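Position one of the sequence shown corresponds to residue -14 (the working numbering), numbered consecutively onward.
Accompanying notes for the structure given below.
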Amino acid sequence: MPNTRLISLFAFLAVACAATLVHAELRKSNCACALTQPDAERKIQALLSKDSRGSRATILAIENLLRREPCAVAAVLAAAARVNREQALALEQAVVQAHAEMKVSDPAGAEAIQCLLDANKDDPVVAEILAAEGAQGSINGGAGGAGGGFVGGPVGQVSGH
-14 MPNTRLISLF AFLAVACAAT LVHAELRKSN CACALTQPDA ERKIQALLSK DSRGSRATIL
46 AIENLLRREP CAVAAVLAAA ARVNREQALA LEQAVVQAHA EMKVSDPAGA EAIQCLLDAN
106 KDDPVVAEIL AAEGAQGSIN GGAGGAGGGF VGGPVGQVSG H
């Protein structure tokens, strides 16, 4: 029977090496965030090692991490580039949801996330996040526009004369 602890350690080291390589690919631009986030990387790795399917609990945990540490988005992007598709989608969803919420609750944090996304928009993971944000904005904007038509009552309604 293989030594699972040794295999787990080897997997962790492989992920750490991959994260370093992915971080080398991310461009900092003028963003306030450092590209290496060792604490965030460990937290994300710990979450993903327990959940290979990208559950709702993982999405919420990543959203909470981003709300507390917006610059952890660099670690999330690095992780999303090296995990299975279900986990990557969960990470992308967490970024989209946290970023949307933070635009209202923490504009400075949202700006830090946006800066890193803009600086790396040619990265496939970032492109998917930006596309999802665009789709979410269209849906939210469309719903708001439709709701506005009811404010003054039905158009063309004539009083009871």
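Note that CB positions come from ideal geometry on N, CA and C, so glycine has one too.
These figures come from a predicted structure and were not determined experimentally.
In the structure shown, the three-state DSSP call for residue 94 is helix. Contact check for residue 59 and residue 29: beta-carbon distance about 11 angstroms, past the 8 angstroms limit, so the pair fails to qualify. Shown here for residue 38: same chain residues with a beta carbon closer than 7 angstroms to its own, the five before and five after excluded, namely 71 in chain order. The closest CA to that of residue 94, considering only 51, 73, 32, is found on 51. Per DSSP, reduced to three states, the secondary structure at residue 100 is helical.
With fewer than 16 other beta carbons inside 10 angstroms of its own, residue 109 counts as exposed.
Judged by their CB atoms, residue 47 and residue 61 are nearer to each other than the 8 angstroms cut-off. Bounds of the alpha helix (DSSP H) holding residue 49 are 41 to 53.
Counted as a single uninterrupted DSSP element, the alpha helix (DSSP H) harbouring residue 24 occupies residues 23 to 35.
The alpha-carbon separation between residue 76 and residue 32 amounts to approximately 11 angstroms. In the three-state scheme derived from DSSP, where H, G and I count as helix and E and B as strand, residue 68 is classed as coil. Residue 102 and residue 111 do touch by the CB rule: their CB atoms are close to 5 angstroms apart, below 8 angstroms.
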